[in-house]
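*Asks:* Dumping the structure here so I can ask a few things about it.
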Amino acid sequence: MNRTTKALAVTTAAALLLATPGLAAAAGHHHSGRGELLSGEFVRTVPVTELRTGLADEGFDTSTVRYPVDLYRLEYATVDAVGEATTASGLLALPHNRDRSLTPVSFTHGTESTKEGVPSLPGDVWDQAPSWTYASAGFAAVAPDYLGLGTGPGLHPWMDLPSETTASMDMLRAADEKVAGLGRRLDRDVMVTGFSQGASAALGLARVLDEGRDDAGRHRFELGAVAAISGAYHLGGEEIPALLAGELHKKLSVIYTAYLLVSWDRLHDLYDSPSEVFEETYAGTVEGLFDGYTSGEDLFNGLPNSLDDLITEEGEALLENPGGDFADALAVGDAQCSDWRPKAPVRLYVTPTDAEAAASNTDACRADFADSGKKVRVVDVGDTDHTDSNKRGTADAVRWFLSLA
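Numbering (mature numbering (1 follows the signal peptide of the UniProt record, and there is no 0)), first residue to last: -26 to -1, 1 to 379.
Put into structure tokens, the structure is as follows:
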């Protein structure tokens, strides 16, 4: 979820981990060529003065800015949501200094419905601000665009944790190759962070690294630390119920519901016709709004202001009582904090007043970790909105990572 914007049985999710192609890939079944760097275009060097001005204008902290930042747009080989070969893109941001060895920070971004407006193809400073923050502090910032965004082909599988994980892992591999080609080296320990949608992606990547499934047995990288910001970690158990209960931002709830149903129908065949779940006024147009090219303004104007006007009784029933493949997929996401005791430190950042990602998601995630014997630190960034939590969380995370590096 961007600035505009408990689980089912763990045993079920564990079984799905082995049965679902995308999850099997995330678990380390290394597709030939995965993570291969296909191109690494130098974009530009951002001077310190521009970094400070741009970050400040977007409301990001500038106290850790030390170096100019070199930006590279990477394209790399990965797998899609069903495990087939595809390509994806992302941003590599490096400090313009003499350090030969760099600690990598993987940052996974929040919701975006268009191919542009992502780290490698930014619409404005916001899209690169966390990468600027980490790179200017001396880290190698690695920011995947995800499948179907940036220069990647096809449509984006929104909130699909398995493919977010594989795209993030393969972006890290491609960045490793690019950095080596520049005569530098990424350190072994990876600092992992992400915001909103990217908070879940961060946990997916962190788990693969922590459990040693990073590269088909090569174990190039390990998990250094995790800083997840304002995530919907329990989409089925917490986020959707809060959304249906009217506890979250009404217009954005409409947009996220439409995005979920359209995107997951492409993956899990939720309906035979859009008219089954969407009201007649929108059934003929809603899928086209999520084609990767429709502007945010047109998307906003193309959807109603309330869920009652968007979804049918059948659509509401599907969300209230999901079954079949839909329930199975939700179980996978809802188990992302379960049955896992990371060796590295974990921080979960949250604002109690979040109107997009319900704060109860963080409570549930923390409880899941506790059930596995892992004590994680929950950092309350204060009463603010979803967007601002990214700024506050990033400011704290970069200082924390500096203390660990």
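Positions of the beta carbon are idealized from the N, C-alpha and C atoms, including for glycine.
1. If I follow the unbroken beta strand (DSSP E) through L68, where does it start and stop?
2. So what does DSSP say about A34, is it helix, strand or coil?
3. At which residues does the alpha helix (DSSP H) containing G367 begin and terminate?
4. Of the choices D54, S63, L322, A173, whose alpha-carbon is the least far from that of M145?
5. Below 8 Å between beta carbons: does that hold for Y41 and V372?
6. Measuring alpha carbon to alpha carbon, tell me which residue in R72, T268, Q310 is nearest residue 393.
7. In the structure shown, what three-state DSSP assignment does L(-4) receive?
8. On the criterion of 16 or more Cβ atoms from any shown chain inside 10 Å, does E212 qualify as buried, or is it exposed?
9. Kindly give me the distance between the Cβ atoms of Y267 and K89, rounded to whole angstroms, as I take these residues to be in contact under 8 Å.
10. With a Cβ-Cβ cutoff of 8 Å, do A180 and L66 count as a contact?
11. So, V99 versus D119, is the Cβ gap smaller than 8 Å?
12. Go through its chain and collect everything with a Cβ distance to T(-16)'s Cβ below 8 Å, but skip five positions before and after it.
13. I think L45 touches R18, with their Cβ atoms under 8 Å apart; what is that distance to the nearest whole Å?
14. Answer yes or no: do S363 and S247 have a C-beta to C-beta separation smaller than 8 Å?
15. In chain order, which alpha helix (DSSP H) runs of at least 4 residues are fully inside the stretch 70 to 130?
16. Taking the alpha helix (DSSP H) that T268 belongs to, which residues open and close that run?
17. Just how far apart, CA to CA, sit A(-1) and G172?
18. Compare the C-alpha of V79 against each of I229, D31, D163, L293 and name the closest.
19. Should the stretch 213 to 227 be regarded as contacting the stretch 279 to 296, the criterion being three or more beta carbon pairs within less than 8 Å?
20. Touching or not, the stretch 235 to 246 and the stretch 333 to 352, by the rule of three or more beta carbon pairs under 8 Å?
21. Assuming V200 and A176 form a contact by the criterion Cβ under 8 Å, report the distance between their Cβ atoms to the nearest whole angstrom.
22. My assumption, with CB atoms under 8 Å, is that A206 sits in contact with L376. Please give the rounded CB distance.
23. Excluding sequence positions up to five away, which residues of its chain have a Cβ less than 6 Å from the Cβ of R321?
*Replies:* Per the coordinate set shown:
1. Taking the first residue of the sequence shown as position 1, residue 68 is located at position 94. Segment 59 to 69, the beta strand (DSSP E) holding L68.
2. The count along the sequence shown starts at 1 and reaches residue 34 at position 60. Note that residue 34 is Phe in the sequence shown, not Ala. Here F34 sits in coil by DSSP.
3. Translated into positions along the sequence shown, residue 367 becomes position 393. Looking at the DSSP string, the run of the alpha helix (DSSP H) that includes G367 is 360 to 378.
4. Stepping through the sequence shown from its first residue, residue 145 is reached at position 171. M145 has its Cα closest to that of S63, out of D54, S63, L322, A173.
5. Translated into positions along the sequence shown, residue 41 becomes position 67. Translated into positions along the sequence shown, residue 372 becomes position 398. No. Outside cutoff.
6. The question about residue 393 has no answer here: the residues shown for the chain are numbered -26 through 379.
7. In the sequence shown, residue -4 corresponds to position 23, counting from 1. Per-residue confidence for L(-4) stands at a pLDDT of 43, beneath the threshold of 50, marking its modelled position as unreliable; no derived number is given.
8. To locate residue 212, count along the sequence shown from 1; it is residue 238. Flag for E212 reads buried.
9. For the purposes of this step, residue 267 is taken as the residue at position 293 of the sequence shown. For the purposes of this step, residue 89 is taken as the residue at position 115 of the sequence shown. That pair is a contact at about 7 Å.
10. Indexing the sequence shown from 1 puts residue 180 at position 206. Indexing the sequence shown from 1 puts residue 66 at position 92. No; because the gap between Cβ atoms is not below 8 Å, this pair is not in contact.
11. Stepping through the sequence shown from its first residue, residue 99 is reached at position 125. Stepping through the sequence shown from its first residue, residue 119 is reached at position 145. Cβ atoms of V99 and D119: not closer than 8 Å.
12. For the purposes of this step, residue -16 is identified with residue 11 of the sequence shown, where counting begins at 1. Since pLDDT at T(-16) reaches only 30, below the 50 mark, its modelled position is unreliable, and no value is offered.
13. By one-based count along the sequence shown, residue 45 stands at place 71. By one-based count along the sequence shown, residue 18 stands at place 44. Yes, they are in contact, since the Cβ atoms of L45 and R18 sit about 6 Å apart, within 8 Å.
14. Position 389 of the sequence shown, counted from the start, is the residue given in the question as residue 363. Position 273 of the sequence shown, counted from the start, is the residue given in the question as residue 247. Not a contact, by the Cβ cut-off of 8 Å.
15. 103 to 110
16. On the sequence shown, residue 268 is found 294 positions in, with the first residue counted as 1. Premise fails: T268 is in no alpha helix (DSSP H) and is neither H nor E.
17. Position 26 of the sequence shown holds residue -1. Position 198 of the sequence shown holds residue 172. With a pLDDT of only 44 at A(-1), under 50, the local geometry of the prediction cannot be trusted, and the value read off the model is given with reservation. Rounded to whole angstroms, A(-1) to G172 spans 16 Å at the Cα level.
18. The residue given as residue 79 occupies position 105 in the sequence shown. Residue D163 is the option with its Cα nearest to V79.
19. yes
20. no
21. In the sequence shown, residue 200 corresponds to position 226, counting from 1. In the sequence shown, residue 176 corresponds to position 202, counting from 1. About 6 Å separates the two Cβ atoms, so the contact holds.
22. Taking the sequence shown and counting its residues from 1, one reaches residue 206 at position 232. Taking the sequence shown and counting its residues from 1, one reaches residue 376 at position 402. Wrong, their Cβ atoms sit about 28 Å apart, outside the cutoff.
23. Taking the first residue of the sequence shown as position 1, residue 321 is located at position 347. Counting only Cβ-Cβ distances below 6 Å, and skipping sequence neighbours, we find A201, R351, V353.
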